[in-house]
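Chains as they are written, first to last, in the working numbering: chain A, 33 to 417; chain B, 38 to 634. Note that beta-carbon positions come from the ideal geometry of N, C-alpha and C, so glycine has one too. Every value quoted in this text rests on a predicted model; they were computed, and no experiment measured them.
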Amino acid sequence: MSVESLDPATRVVAGHRTPGAVRHLYVHLPFCAHRCGYCDFVTAVGRLEEHGAYVDGLLAELDAERWRLAATVETAFLGGGTPTFTEPGALARVLRALPDVEELTVEANPETVTPSLAALLREHGVNRISLGAQSFRRQLLEVLERVAGPDDVRRAVQTLRDVGFDNISLDLVYGIPGQSPADLEADLADALALEPEHLSCYELEAKPGTRFTHAHGKELDRQAEAMEGYFEQVVATLTGAGYRWYETANFCLEGDRELRARHNLGIWRGHDYLGVGIGAVSTLAGIRRRNLPSLARYVTASRAGESPPREIERLDAATRAVERLMLGLRLDEPLALAGLEAVLDGRSLERLVDGGLVERIDGSIRLTRRGRLLGGGVTAELLAF
Amino acid sequence: MDQSRIRNFSIIAHIDHGKSTLADRILQVTETVSEREMRDQLLDSMELERERGITIKAQAVRVQWKGHELNLIDTPGHVDFTYEVSRSLQACEGAVLVVDAAQGIEAQTLANAYLAIENDLEIVPVVNKVDLPSADPDGTAAEVCELLGGSPEGVVRISAKTGMNVEQVLDAIVERIPSPEGAVDAPPRALIFDSSYDQYRGVIAFVRIVDGALPTGAVLEAMATGTDFEAEELGFMAPGRIPVETLGAGEVGYVVTGLKDVSRLRVGDTLTLRKGGATTPLPGYKDVKPMVFAGLFPSDSDDYPELRDALEKLKLNDGALFYEPETSQALGFGFRCGFLGLLHMEIVRERLEREFDLDLIVTAPNVAYRVKQRNGDWLEVHNPAEMPREVEEVQEPYVRAQVIVPKDYVGSVMELCTDRRGRFDHMEYLSETRVLLTYDLPLGEIVLDFYDQLKSRTRGYASFDYDLAGFRDGDVTRIDVLVAGEQVDALSLIIHRDAAYERGKLLVERLREEIPRQMFDVPIQAAIGSRVIARETVKAKRKDVLAKCYGGDITRKRKLLEKQKKGKKRMKQVAGVEVPQEAFLAVLNLDGEKRKA
Numbered sequence: 033m034s035v036e037s038l039d040p041a042t043r044v045v046a047g048h049r050t051p052g053a054v055r056h057l058y059v060h061l062p063f064c065a066h067r068c069g070y071c072d073f074v075t076a077v078g079r080l081e082e083h084g085a086y087v088d089g090l091l092a093e094l095d096a097e098r099w100r101l102a103a104t105v106e107t108a109f110l111g112g113g114t115p116t117f118t119e120p121g122a123l124a125r126v127l128r129a130l131p132d133v134e135e136l137t138v139e140a141n142p143e144t145v146t147p148s149l150a151a152l153l154r155e156h157g158v159n160r161i162s163l164g165a166q167s168f169r170r171q172l173l174e175v176l177e178r179v180a181g182p183d184d185v186r187r188a189v190q191t192l193r194d195v196g197f198d199n200i201s202l203d204l205v206y207g208i209p210g211q212s213p214a215d216l217e218a219d220l221a222d223a224l225a226l227e228p229e230h231l232s233c234y235e236l237e238a239k240p241g242t243r244f245t246h247a248h249g250k251e252l253d254r255q256a257e258a259m260e261g262y263f264e265q266v267v268a269t270l271t272g273a274g275y276r277w278y279e280t281a282n283f284c285l286e287g288d289r290e291l292r293a294r295h296n297l298g299i300w301r302g303h304d305y306l307g308v309g310i311g312a313v314s315t316l317a318g319i320r321r322r323n324l325p326s327l328a329r330y331v332t333a334s335r336a337g338e339s340p341p342r343e344i345e346r347l348d349a350a351t352r353a354v355e356r357l358m359l360g361l362r363l364d365e366p367l368a369l370a371g372l373e374a375v376l377d378g379r380s381l382e383r384l385v386d387g388g389l390v391e392r393i394d395g396s397i398r399l400t401r402r403g404r405l406l407g408g409g410v411t412a413e414l415l416a417f
Numbered sequence: 038m039d040q041s042r043i044r045n046f047s048i049i050a051h052i053d054h055g056k057s058t059l060a061d062r063i064l065q066v067t068e069t070v071s072e073r074e075m076r077d078q079l080l081d082s083m084e085l086e087r088e089r090g091i092t093i094k095a096q097a098v099r100v101q102w103k104g105h106e107l108n109l110i111d112t113p114g115h116v117d118f119t120y121e122v123s124r125s126l127q128a129c130e131g132a133v134l135v136v137d138a139a140q141g142i143e144a145q146t147l148a149n150a151y152l153a154i155e156n157d158l159e160i161v162p163v164v165n166k167v168d169l170p171s172a173d174p175d176g177t178a179a180e181v182c183e184l185l186g187g188s189p190e191g192v193v194r195i196s197a198k199t200g201m202n203v204e205q206v207l208d209a210i211v212e213r214i215p216s217p218e219g220a221v222d223a224p225p226r227a228l229i230f231d232s233s234y235d236q237y238r239g240v241i242a243f244v245r246i247v248d249g250a251l252p253t254g255a256v257l258e259a260m261a262t263g264t265d266f267e268a269e270e271l272g273f274m275a276p277g278r279i280p281v282e283t284l285g286a287g288e289v290g291y292v293v294t295g296l297k298d299v300s301r302l303r304v305g306d307t308l309t310l311r312k313g314g315a316t317t318p319l320p321g322y323k324d325v326k327p328m329v330f331a332g333l334f335p336s337d338s339d340d341y342p343e344l345r346d347a348l349e350k351l352k353l354n355d356g357a358l359f360y361e362p363e364t365s366q367a368l369g370f371g372f373r374c375g376f377l378g379l380l381h382m383e384i385v386r387e388r389l390e391r392e393f394d395l396d397l398i399v400t401a402p403n404v405a406y407r408v409k410q411r412n413g414d415w416l417e418v419h420n421p422a423e424m425p426r427e428v429e430e431v432q433e434p435y436v437r438a439q440v441i442v443p444k445d446y447v448g449s450v451m452e453l454c455t456d457r458r459g460r461f462d463h464m465e466y467l468s469e470t471r472v473l474l475t476y477d478l479p480l481g482e483i484v485l486d487f488y489d490q491l492k493s494r495t496r497g498y499a500s501f502d503y504d505l506a507g508f509r510d511g512d513v514t515r516i517d518v519l520v521a522g523e524q525v526d527a528l529s530l531i532i533h534r535d536a537a538y539e540r541g542k543l544l545v546e547r548l549r550e551e552i553p554r555q556m557f558d559v560p561i562q563a564a565i566g567s568r569v570i571a572r573e574t575v576k577a578k579r580k581d582v583l584a585k586c587y588g589g590d591i592t593r594k595r596k597l598l599e600k601q602k603k604g605k606k607r608m609k610q611v612a613g614v615e616v617p618q619e620a621f622l623a624v625l626n627l628d629g630e631k632r633k634a
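Encoded structure:
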């Protein structure tokens with residue numbers, strides 16, 4: 033038997049590679065029923081016949097990379113696209129191929145959540161759902177070009193609850209063209225009424241040059257000022273409702289269970305992660321690589337037995353430290369400064385501490401509430417270069 | 038060459054009326070350059086001149102026409118260089134006055150024509166661009182005759198662009214312009230009307246020999262400055278340097294001096310022999326002094342040595358440029374530079390940025406003030422931050438300004454001039470539709486945005502020129518700006534007392550708009566002495582964080598962060614406040630804002 037014919041796992045055993053230590057796995061499922069105007073993720077629309085071929089490639093890549101994973105993988109995250117839009121047979125194949133993990137999250141759009149889908153997810157060990165609600169106002173959902181209506185969101189949550197999901201996250205977007213503070217207040221109330229374990233609230237990011245920005249640019253400019261108040265409103269409302277503001281845009285219920293998104297938490301803490309699928313990014317021992325977004329090239333490469341085409345970025349020590357700072361300061365937990373000294377401006381730190389934006393806790397720092405609202409500026413200020 | 042066969046002339050015109058194009062055509066028609074060598078606007082050798090279509094440094098070219106030696110002395114075409122123009126004209130017996138057939142007479146046409154008349158020059162009027170559809174050659178010729186006298190038949194109608202009738206211009210030069218009449222046997226006297234710097238040969242002086250002759254190798258002396266040197270080489274331009282043994286009376290040419298410092302040889306000075314030379318210099322020399330000052334600072338303080346080197350190099354070619362080191366708390370190390378006027382400032386700044394690739398912050402320009410201190414001593418102040426708080430008396434420079442404008446805009450121009458403390462002198466009709474307004478104005482009211490305002494109030498139809506008219510008493514005061522309680526020296530300005538409150542208010546309003554919101558509230562105050570006259574606050578930001586950041590876009594988010602950091606670095610820190618470079622120019626646009634409001 034030649035070495036080439038051995039599968040990667042065998043080769044690990046054969047000692048050609050050291051066993052991996054990666055504890056976080058990301059799997060990209062790009063398919064969507066419709067590409068929303070504001071979306072900037074790697075997506076593919078209307079290619080139902082391609083789902084099987086793509087999943088073939090995905091599983092091949094996963095197999096080839098599996099040696100990097102630790103014996104115990106903490107989290108896996110199926111993101112998209114709309115993973116739940118994937119043809120159910122193909123989706124099931126992906127789920128079956130995953131290693132055993134402690135937290136297995138799947139992103140879902142409300143209109144795709146049928147009882148049978150919910151059951152399929154449940155049967156395959158999915159224990160956390162991230163549901164793209166975005167808004168409960170019909171006219172705002174239309175602006176976002178979402179397929180689902182407000183009732184679809186409620187129905188989806190109920191369907192998921194019915195099959196036993198007890199860790200549901202809702203995505204909300206604010207700063208939608210035409211959205212008033214009262215609309216946002218109502219959206220937050222509607223979301224809270226569903227008692228989600230977790231909420232992700234994002235300001236709408238309109239990328240220059242997209243058709244969305246083109247269509248709504250004026251309204252977005254008009255709203256820019258109000259947006260500041262929106263962020264405060266989100267934080268005040270959700271923390272008031274008993275949620276922990278544990279990351280800039282993420283909130284979770286507090287209690288006995290760990291309800292933070294453990295997958296993303298790993299990334300914010302600077303852990304390595306493996307990503308498979310088109311557009312997927314991995315950070316592996318100081319190397320960041322990104323699969324190119326072309327579906328056709330991905331499938332072709334896979335069929336030829338080759339790795340997907342990738343971009344590679346080498347992260348030097350300073351870059352890694354900058355990222356640690358940038359990501360770590362998004363969290364409500366203290367960030368240890370050990371190893372970050374070289375990229376930290378001590379004088380700026382003093383100033384920010386004096387100004388009440390940063391607090392110092394032994395060898396760690398943490399942003400104050402106002403500091404977190406200004407987290408980008410504070411981080412830029414703290415950087416020494 | 039026998040003086041009777043020499044003609045020395047300049048071409049004078051308002052900007053864009055076709056002076057350089059005519060010069061090009063003359064070089065072609067006289068076969069001084071071949072078609073192949075011909076480049077448009079050959080005389081304008083600097084990139085910037087070519088692009089802006091204006092001539093900055095005068096040069097002289099010798100051409101041959103029907104047995105005559107014609108010296109074309111090119112003049113700078115803008116108000117700031119009036120002195121240089123007048124020196125160039127002094128080197129001539131005649132001038133070709135070019136007027137655009139579509140535009141008619143403009144302010145610089147007048148200013149230049151008056152200079153030519155003052156210098157007793159024979160003027161050959163030329164109406165250019167007669168081939169343009171919008172041309173009105175008859176109307177323009179009539180305007181010219183109104184100005185100069187003479188009959189419309191004497192006006193040559195040409196198209197410098199196509200070359201049409203350019204020969205007639207040359208014939209008119211030979212026929213109408215008198216030949217020089219210098220004393221051939223007298224001790225030599227040569228007028229320096231321009232100079233340039235050659236990195237291998239040092240300063241090259243362009244001269245008109247008035248009396249006697251200069252031989253190669255002679256030791257020469259500049260009579261006003263006392264500088265002496267050996268004439269390493271003499272010659273004329275055609276258009277490259279052609280050496281000759283001797284330059285005789287009436288001729289125009291160059292002298293290679295070997296001097297390493299252009300400021301040692303001043304335009305307007307007289308060259309003679311060191312031994313046995315003339316005893317009386319030619320009339321009219323004056324030491325031109327910069328009147329407009331501004332601070333030039335490198336955006337990146339690391340570039341200070343580059344800026345210093347660049348200014349040194351520019352100075353070699355530009356004797357009128359003045360600079361001295363300046364330190365600003367806000368902007369760091371830089372230079373306080375003096376200029377002849379606004380265009381001169383603009384040119385220097387653009388050359389620094391383009392030819393030397395420097396990124397600069399230029400503070401709002403101010404004029405020179407004469408200040409009588411309490412102890413009776415007079416002081417010249419070039420920088421608002423150095424204006425003493427206690428003064429006995431202040432004088433500011435005035436100009437005599439001429440504005441030519443279609444009659445419909447007379448009202449708004451008068452309003453502008455009155456706003457700017459102008460004193461009306463007189464008004465006359467140049468034609469049925471065009472009016473010449475003459476005002477005395479404080480130069481300090483012109484240096485900020487007068488020209489822009491004039492253009493915008495007259496839809497670009499006004500043309501404008503001025504002459505310095507000496508210092509007069511000025512009731513001015515100094516306004517300081519405090520950002521977060523700290524005085525920002527680079528934002529101080531000197532202003533007429535009556536306008537102080539209004540300007541102070543506008544200034545802090547502008548600064549509030551220019552200074553981005555920070556992580557803390559930033560108070561901005563304008564003060565006269567310790568008295569605060571206006572206050573605004575830049576409210577602190579309430580949000581400055583990227584909404585989301587997951588594994589897929591860490592690199593992009595990190596790059597955004599690095600960009601944000603770079604943006605912060607580009608801004609100047611004042612009392613811990615990031616002040617963008619644009620804010621230092623806020624004082625420039627106060628009136629623009631006022632009008633919008």
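Could you say which of the options lies nearest to residue i if we only look at CA atoms?
i	options	result
Val611(B)	Gln524(B), Thr574(B), Cys586(B), Pro362(B)	Gln524(B)
Asp394(A)	Ala368(A), Leu153(A), Leu130(A)	Ala368(A)
Ile210(B)	Gly369(B), Val100(B), Arg44(B), His51(B)	Arg44(B)
Leu228(B)	Gln127(B), Trp102(B), Tyr406(B)	Gln127(B)
Phe266(B)	Arg62(B), Asp339(B), Leu302(B)	Leu302(B)
Gly200(B)	Gln490(B), Asp235(B), Thr58(B)	Thr58(B)
Pro443(B)	Glu106(B), Cys129(B), Ala132(B), Ala144(B)	Ala144(B)
Tell me the DSSP secondary structure of residue i in three-state form.
i	result
Pro434(B)	strand
Thr42(A)	Note that Thr42(A) scores a pLDDT of 37, beneath 50, so its modelled location is shaky and nothing firm can be said.
Ala208(A)	Looking at the sequence shown, residue 208(A) is not Ala but Ile. In the structure shown, Ile208(A) sits in coil (DSSP, three-state: anything other than H, G, I, E or B).
Ser34(A)	Because the pLDDT at Ser34(A) is just 37, under 50, the model does not fix this residue reliably, and the point stays unresolved.
Met464(B)	strand
Ser529(B)	coil
Asn323(A)	strand
Lys542(B)	helix
Glu482(B)	helix
Ser171(B)	coil
Ile52(B)	coil
Gln29(B)	A question about residue 29(B) goes unanswered here, because the residues of chain B that appear run from 38 up to 634.
Which residues of chain B have a Cβ atom closer than 7 Å to the Cβ of residue i, listed in chain order?
i	result
Asn296(A)	Tyr587
Might you give, ordered along the chain, the residues of its own chain that have their beta carbon closer than 6 Å to the beta carbon of residue i, omitting 5 neighbours on each side?
i	result
Ala273(A)	Leu224
Pro280(B)	Glu270, Gly272
Cutting at 7 Å between CB atoms, please list the residues of its own chain near residue i, excluding the five before and the five after it.
i	result
Ala216(A)	One point to set straight first is that residue 216(A) is Leu, not Ala, in the sequence displayed. Only Tyr206, Tyr262, Gln265 meet the Cβ criterion.
Arg89(B)	Because the pLDDT at Arg89(B) is just 45, under 50, the model does not fix this residue reliably, and the value given afterwards should be weighed accordingly. Here the set comprises nothing.
If the cut is a Cβ gap below 8 Å, which residues of chain B does residue i touch?
i	result
Glu235(A)	Ala584
Since residue i meets chain A, which of its residues come closer than 8 Å, beta carbon to beta carbon?
i	result
Lys605(B)	Ala412, Glu413
Arg676(B)	Here chain B covers residues 38 to 634 and nothing more, so residue 676(B) does not appear.
For a contact defined as C-beta to C-beta under 9 Å, what are the partners of residue i on chain A?
i	result
Arg579(B)	Glu260, Gly261, Phe263, Glu264, Arg402, Leu405, Leu406
Ile591(B)	Ile299, Val313, Thr315, Arg320, Glu355, Met358, Leu359
Consider the Cβ of residue i: report whether some Cβ of chain C lies at a distance smaller than 7 Å.
i	result
Gly371(A)	Considering every chain present, this structure includes no chain C. Its protein chains are A and B.
Exercise for the section: Entirely within the region 133 to 165 of chain A and at least 3 residues each: give me those beta strand (DSSP E) ranges in chain order. Expected result: 133 to 140
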